Each structure stands twice: as structure tokens, then as C-alpha cells.
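Heads up, the thing below is written out as C-alpha cells.
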Amino acid sequence: MFSVASNSMQSDASQTLEGTPSVSQSVDDNKQETNETQKVVKEPIATGSASVVAQEACEKWRIRGNQAYANGLLSKAEEYYIRGINSIPSNETSGSCMRALMLCYSNRAATRMSLGRMREALSDCMAAAAIDPSFLRAQVRAAKISLVVIDNLRRYEEVIQFCEQTLDLAERNTVSCSADGQSKNVNNSEQVKCYPRLWRWRLISKSNFYLGKLEEALDLLKKHEQVEPIVDRYGKKSLDSASSFARIVRELLRLKAAGNEAFQAGRYSEAVEHYTSALSCNSESRSFAAVCFCNRAAAYQALGQITDAIADCSLAIALDASYPKAISRRATLHEMIRDYGQAANDLRRLISLLEKQIQENPPGVSGKLTSISSDLNRARIRFSHVEDEARKDIPLDMYLILGIESSSSAADVKKAYRKAALRHHPDKASQLLVRTDNVDDALWRELADEVHRDADRLFKMIGEAYTILSDPSKV
982 MFSVASNSMQ
992 SDASQTLEGT
1002 PSVSQSVDDN
1012 KQETNETQKV
1022 VKEPIATGSA
1032 SVVAQEACEK
1042 WRIRGNQAYA
1052 NGLLSKAEEY
1062 YIRGINSIPS
1072 NETSGSCMRA
1082 LMLCYSNRAA
1092 TRMSLGRMRE
1102 ALSDCMAAAA
1112 IDPSFLRAQV
1122 RAAKISLVVI
1132 DNLRRYEEVI
1142 QFCEQTLDLA
1152 ERNTVSCSAD
1162 GQSKNVNNSE
1172 QVKCYPRLWR
1182 WRLISKSNFY
1192 LGKLEEALDL
1202 LKKHEQVEPI
1212 VDRYGKKSLD
1222 SASSFARIVR
1232 ELLRLKAAGN
1242 EAFQAGRYSE
1252 AVEHYTSALS
1262 CNSESRSFAA
1272 VCFCNRAAAY
1282 QALGQITDAI
1292 ADCSLAIALD
1302 ASYPKAISRR
1312 ATLHEMIRDY
1322 GQAANDLRRL
1332 ISLLEKQIQE
1342 NPPGVSGKLT
1352 SISSDLNRAR
1362 IRFSHVEDEA
1372 RKDIPLDMYL
1382 ILGIESSSSA
1392 ADVKKAYRKA
1402 ALRHHPDKAS
1412 QLLVRTDNVD
1422 DALWRELADE
1432 VHRDADRLFK
1442 MIGEAYTILS
1452 DPSKV
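Each residue of the sequence shown is one higher than the last, beginning at 982 in the numbering used here.
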């Protein structure tokens, strides 16, 4: 089954808080932070300095926020963290106050994630990371939130561009922070530089994955795997997670390549099996799934299973509306069964898409523009031909729709109909899309409606073919 969104990018129901002994994750670090806090609270204020007063106030509200969070009182926890943040004056620069402020921002981010307010949570993560760029937990949390946000907005190219443009600056800032002595757990600059690099690589690879660019995603994951593990539990967890993700990407690429190889060798049934396996393994990348559906449609077409091929093209188009090859292939399939009206609709859609791509591509990309222009010219010629054929009112090729020969018996017709009707029932087609919790309602309805609408039209066509072929007077 194929999911319309990645549930691995959902915010965790119980985000890890800094300085919360009752939370099971990161217990050792939290104990250390809590003990330090308690020590500060219990000791009398010797200096009476404003910095110490501000730090103690911030720690007090943070601890109360942690307790409220642990009890499930998220709104109250957020209120306490806000008070903690407001306890630190804007002109404060002492290291102890900055660390307390950083932890409050980070914990408020976790709370806002649990409340579903991702943009505000991301802002808090950035504030925490700005105070200490080597604080990995804030950066990892920011990466997770970013993936949730971009998955909803589907603006992966912008995320890739942002990560690439900010990497050098983030590494310089991190090393500078280490040199100033604000990061106590850092041993050398190369190790520190891993922090911003790792999560950016992970974010770019995930974005490429969602765009269907699995080769590019794997290239970055290989770099991720080559980096020496950062000596803390979060760095190791990040590397382990990247390795697991890389295994999935490698397997998907292997299955797709095996399908392509089988297709080129004329082993079409084997190609169908490989593409089907790839679709079964992938539940996140819509673009990659669209390619697999389109490739499987080509294999079905070669096997003479035109109805199956049309269904796969429709799924590919529903998953990636800007996929010209799937639209063009479905137009060809509609021509094969002499459904020139639907073929004309597909070609009209293809022409509109290609015209839009020409407008969006800069003139400097001459090779790509030339290719798109060539495709557009061919689509216009095809459209003119299909329109001419549509005016002739030629009946559909009912035998090809059911995948049988014109010499087939009545029993063969009935058997083929039952098989096709069962395979392409609209309700069954909709089950190929599995909704996850963080998918936008409007997007889900749009996808589900399009899949059901296309399947319903195909199902009725199958029924019409059976009605005609089972009646000798109509054949």
C-alpha cells in the first residue's frame, strides 16, 4: 500500500525535554542538568548579581514547565517556559544565563510540537541553536519540524537550497562558539562541525527522497555514514537512523533497477514483479511511487494488459500531477482502445503542463528547454490527430479493454470481465492510498477523489465492454 504522507515525520507525542528526570529519554543528561539546577537553587546567592538572579528565575520556571509537561499539562508548561524566557534580560550575555535561556527555548519547542504548532516550535529551535550552535538536540528537533512543515507545503527544493546556503556559515559559527568556551562537551573543531553538517545532510537527503531523487538522497546518506560518530547518544542515534534510511533507499533503487533491466530484456512479467515489490516497500515518496506505477504501466502495456496499464498511469498522475510521462503514456493507452475523447483530455493536460514548465525554466537552461519544447510540439501534433479521430465516433475496442482476443468464447469473456471488475473496483483502488496523521485534509480528499473518479470511469468501461461482448447482437 502507498501512503500519501510520511508518518515518520510526525511529531513525537512525548518530546524529550531538557532537565526532566521523569521523562524516560536522555535520563543521564537530564539528571546532570537537574542536579546542577538544584545546586544553584539551594546555594545562597553570594554575589547578589543580576545575572545570578536572572539565571535562578529562569531555572525555576523551566523546572515547573518540565513538571507540567510530564503531567500532560502542555499549555501550563508553555506558560512556565515563557516566564523562564522572559526572566533573562535581552542584554544578558553571561554563559550560565544563556544556557538556561537555551534550554527554555528548546523545551518550549518540544511543548509546541506536542501542541501541533510546528512553525512556532521551529522558531524556538532556531533561537536555541542561535545561542549555542553545538546544541545538537535543538538542531535535530528543528530538522524534524522542518520535514513536517515542508511535507505539508511540498516545498522541498526551497529546503535543499536553504540547507546548502547556510551550511558554511553554520559551521563557522559552531567552531567560533566552541572557541569562546561556551560548549563544554566539545573536544575539537572537526567534531563540532559535524553537528550542523549531519542534520543538514539528513534534511537534504529526505527532501530529495520526497522529490523522487533517490540517487541524490543516497549520495548524501553515504557521506553521512562516513562521518565518525559523534560521541554522544544523540549523534549515534542520528547515524543509526541515517543507516536505516540508507538501507531503505538502496533497496528501492535496487528493485527499480531490476525492473528496468527486466523490461529492457523483454521479461515484462518479471518487471511487473520488481516494480510491485518497490511499491510495497515504499510508503513515503510519492514521486518515486509515481515513477514505479508509470514503469509498471509500460510493462503491462507490453503484456497487452491495457486496462491495468491505464489504472497504473492514473495512480501515477494522482500522486504526481506534474509527471508528463505518465500523462503522455495514459493518452497513448486511451488511443489504443480508441477512447479518443479521453486521449484528447490527457493531451490537453500534457500541453498545459509543458507550457507551464517552459515558462518556469530560465532561458539559460537551453538543453532542458529544448527537450521540453520538442515534447510540446509532439504533444500538439498528437492532439490534432486525436481530435480528428474523436470526430469519427469510432467505437471502443472492447476486446482490448478486457484483454482478450476477438475469437474468445462467451466463457472467456465472462472470466475476463470478472477478473477485471474485481481488480479495478473503485473501492479497491482507493485502498492503495493509506492516510497518515499529518497529511493535510484537503490534499487527502483531492488525491482520494481523483483516484476514485479515475477508477470508477475505468470500472464502468469494463462493465460496458462485458455488456456488449456478452450480447451476440451487439458484437
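The beta-carbon is built from N, C-alpha and C at its ideal position, and this holds for glycine as well. None of the values given here were measured: they were computed from a predicted structure.
Decide yes or no for the touch test of the stretch 1053-1062 against the stretch 1090-1100: beta carbon pairs closer than 8 angstroms, at least 3 of them.
A contact exists between the stretch 1053-1062 and the stretch 1090-1100.
Applying the 10 Å Cβ sphere with the 16-neighbour rule, what's the burial state of Leu1381?
Counting from one through the sequence shown, the residue named residue 1381 turns up at place 400. Buried, because 16 or more other Cβ atoms sit within 10 Å of the Cβ of Leu1381.
Drop a sphere of 10 angstroms on the beta-carbon of Gly1247, count the other beta-carbons inside from all chains shown, and report buried for 16 or more, exposed for fewer.
Here residue 1247 refers to the residue found at position 266 of the sequence shown. It is exposed - the Cβ of Gly1247 has fewer than 16 other Cβ atoms within 10 Å.
Smallest Cα separation from Ala1031: which of Ser1071, Leu1103, Arg1404?
Mapped onto the sequence shown, residue 1031 falls at position 50. From the listed residues Ser1071, Leu1103, Arg1404, the smallest Cα separation to Ala1031 is found for Ser1071.
The alpha helix (DSSP H) that contains Tyr1321, what's its start and end?
On the sequence shown, position 340 is the one that residue 1321 refers to. The continuous alpha helix (DSSP H) containing Tyr1321 extends over residues 1321-1341.
Within its chain, find whatever has a CB closer than 6 angstroms to the CB of Glu1017; leave out the 5 residues flanking it on each side and keep chain order.
As a first step, residue 1017 is located in the sequence shown; it is residue number 36 there, counting from the start. Low confidence applies here, because Glu1017 scores a pLDDT of 38, under 50, leaving its location unreliable; read the following figure in that light. So no residue of the chain qualifies.
Supposed contact pair Phe1269 and Gly1193 - C-beta distance, whole angstroms, cut 8 angstroms
Here residue 1193 is taken as the residue at index 212 of the sequence shown, counted from 1. Here residue 1269 is taken as the residue at index 288 of the sequence shown, counted from 1. Here Gly1193 really is in contact with Phe1269; their C-beta atoms are around 4 angstroms apart, less than 8 angstroms.
If you drop the 5 nearest sequence neighbours on each side, which residues of the same chain put their C-beta closer than 7 angstroms to that of Glu1386?
Reading the sequence shown from its first residue, position 405 is the one you call residue 1386. Tyr1380.
Against chain D, with Cβ distances strictly below 8 angstroms, would Arg1235 count as a contact?
Here there is only one protein chain, and chain D is not present.
Check whether the Cβ atoms of Gln1036 and Ala1081 sit closer than 8 angstroms, and answer yes or no.
As a first step, residue 1036 is located in the sequence shown; it is residue number 55 there, counting from the start. As a first step, residue 1081 is located in the sequence shown; it is residue number 100 there, counting from the start. Going by beta carbons, Gln1036 and Ala1081 fall inside the 8 angstroms limit.
Residues near Asn1342 by beta carbon distance below 8 angstroms, same chain, minus five either side:
In the sequence shown, residue 1342 corresponds to position 361, counting from 1. Correct list, in chain order: Lys1349, Leu1350, Ile1353.
For Cys1262, which residues from the same chain have a beta carbon less than 8 angstroms from its beta carbon, with the 5 sequence-adjacent residues on both sides left out?
Indexing the sequence shown from 1 puts residue 1262 at position 281. Listed in chain order, the non-local C-beta contacts of Cys1262 below 8 angstroms within the same chain comprise Ile1229, Glu1232, Leu1233, Leu1236, local neighbours out to five positions each way being set aside.
What does a CB cutoff of less than 8 angstroms around Ile1443 pick up in its chain, not counting 5 residues either side in sequence?
By one-based count along the sequence shown, residue 1443 stands at place 462. Non-local C-beta neighbours of Ile1443 in its own chain, meaning closer than 8 angstroms and more than five positions away in sequence, comprise Thr1288, Ile1382, Leu1383, Tyr1398, Ala1401, Ala1402, His1405, ordered along the chain.
What's the gap between the Cα of Asp1161 and the Cα of Ala1239?
Taking the first residue of the sequence shown as 1, we reach residue 1161 at position 180. Taking the first residue of the sequence shown as 1, we reach residue 1239 at position 258. Caution is warranted here: a pLDDT of 44 is assigned to Asp1161, below 50, making its placement in the model unreliable, and no coordinate value can be reported.
Taking the alpha helix (DSSP H) that Tyr1304 falls in, what are its first and last residues?
Numbered from its first residue, the sequence shown carries residue 1304 at position 323. Per DSSP, Tyr1304 belongs to no alpha helix (DSSP H) and is neither H nor E.
Buried or exposed, going by whether 16 or more other CB atoms sit within 10 Å of the CB of Arg1426?
Within the sequence shown, the letter at position 445 stands for residue 1426. That one is exposed.
Cβ-Cβ distance between Phe1364 and Arg1319 below 8 angstroms
In the sequence shown, residue 1364 corresponds to position 383, counting from 1. In the sequence shown, residue 1319 corresponds to position 338, counting from 1. For Phe1364 and Arg1319, no; Cβs fall outside 8 angstroms.
If contacts are defined as beta-carbon pairs under 8 angstroms, then Ala934 and Ser1454 qualify, I think. What distance do you get, rounded to the angstrom?
Residue 934 falls outside the range modelled here, since the chain spans only 982 to 1456, and no answer is possible.
Which same chain residues, not among the five before or five after Ala1123, have their C-beta less than 7 angstroms away from its C-beta?
By one-based count along the sequence shown, residue 1123 stands at place 142. If we look at Ala1123 and ignore the five residues flanking it on each side, its Cβ neighbours are Leu1103, Cys1106, Met1107, Ala1110.
Verify whether the separation of the beta carbon atoms of Arg1183 and Ala1223 is less than 8 angstroms.
Sequence index remark: in the sequence shown, residue 1183 carries index 202 (1-based). Sequence index remark: in the sequence shown, residue 1223 carries index 242 (1-based). Taking 8 angstroms as the cut-off, the beta carbon of Arg1183 is found closer than this to the beta carbon of Ala1223.
Among Thr1074, Glu1073, Gln1048, the one whose alpha carbon lies nearest that of Asn1088
Counting from one through the sequence shown, the residue named residue 1088 turns up at place 107. Of Thr1074, Glu1073, Gln1048, the residue nearest in Cα terms is Gln1048.
Let me confirm a value: Asp1293 is counted as buried when at least 16 other C-beta atoms fall within 10 Å, else exposed. Which label applies?
As a first step, residue 1293 is located in the sequence shown; it is residue number 312 there, counting from the start. Buried, because 16 or more other Cβ atoms sit within 10 Å of the Cβ of Asp1293.
Alpha carbon to alpha carbon, what distance is there between Ile1112 and Arg1064?
As a working note, residue 1064 is residue 83 in the sequence shown. As a working note, residue 1112 is residue 131 in the sequence shown. The straight-line gap from Cα to Cα measures roughly 18 angstroms.
Closest by CA to Arg1359, which one among Val1121, Glu1336, Pro1376?
Locating residue 1359 in the sequence shown gives position 378, where the first residue counts as 1. Comparing Cα positions, the closest option is Glu1336.
Mark Gly1046 as exposed unless 16 or more other C-beta atoms lie within 10 angstroms of its C-beta, in which case mark it buried.
Translated into the one-based positions of the sequence shown, residue 1046 becomes position 65. It counts as buried.
Whose CA, out of Asn1189, Ala1446, Tyr1191, Lys1409, lies closest to the CA of Ala1396?
The residue given as residue 1396 occupies position 415 in the sequence shown. Residue 1396 is actually Lys in this sequence, not Ala. Of the listed residues, the one whose Cα sits closest to Lys1396 is Ala1446.
When we look at the beta-carbon of Lys1125 and count the other beta-carbons within 10 Å, is it buried (16 or more) or exposed?
As a working note, residue 1125 is residue 144 in the sequence shown. Answer is buried; the Cβ neighbour count reaches 16.
Within the continuous alpha helix (DSSP H) that includes Asp1374, where are the two ends?
In the sequence shown, residue 1374 corresponds to position 393, counting from 1. Careful: Asp1374 lies outside any alpha helix (DSSP H) and carries neither H nor E.
To test your reading of the DSSP string, which unbroken alpha helix (DSSP H) runs of 4 or more residues are found completely within the stretch 1042-1073?
The qualifying runs are 1055-1067.
Return helix, strand or coil for Ala1436, following the three-state DSSP convention.
As a first step, residue 1436 must be located in the sequence shown, where it is residue number 455. DSSP places Ala1436 in helix when its eight states are reduced to three.
Once you ignore the five residues that flank Val1185 on each side, which residues in its own chain have a CB closer than 6 angstroms to its CB?
Translated into the one-based positions of the sequence shown, residue 1185 becomes position 204. Per the sequence shown, the amino acid found at residue 1185 is Ile instead of Val. The residues Ile1141, Cys1144, Leu1201, in chain order, have a CB closer than 6 angstroms to that of Ile1185 in the same chain once the five nearest residues on each side in sequence are set aside.
6 angstroms CB neighbourhood of Ser939 in its chain, flanking five on each side removed:
There is simply no residue 939 to check, as the chain begins at 982 and stops at 1456 in what is shown.
Out of Val1121, Glu1196, Glu1197, Phe1190, which has the shortest C-alpha to C-alpha gap to Arg1181?
On the sequence shown, position 200 is the one that residue 1181 refers to. Minimum Cα distance to Arg1181 is reached at Val1121.
In terms of residue numbering, what span does the alpha helix (DSSP H) encompassing Gln1286 cover?
One-based indexing of the sequence shown puts residue 1286 at position 305. Per DSSP, Gln1286 belongs to no alpha helix (DSSP H) and is neither H nor E.
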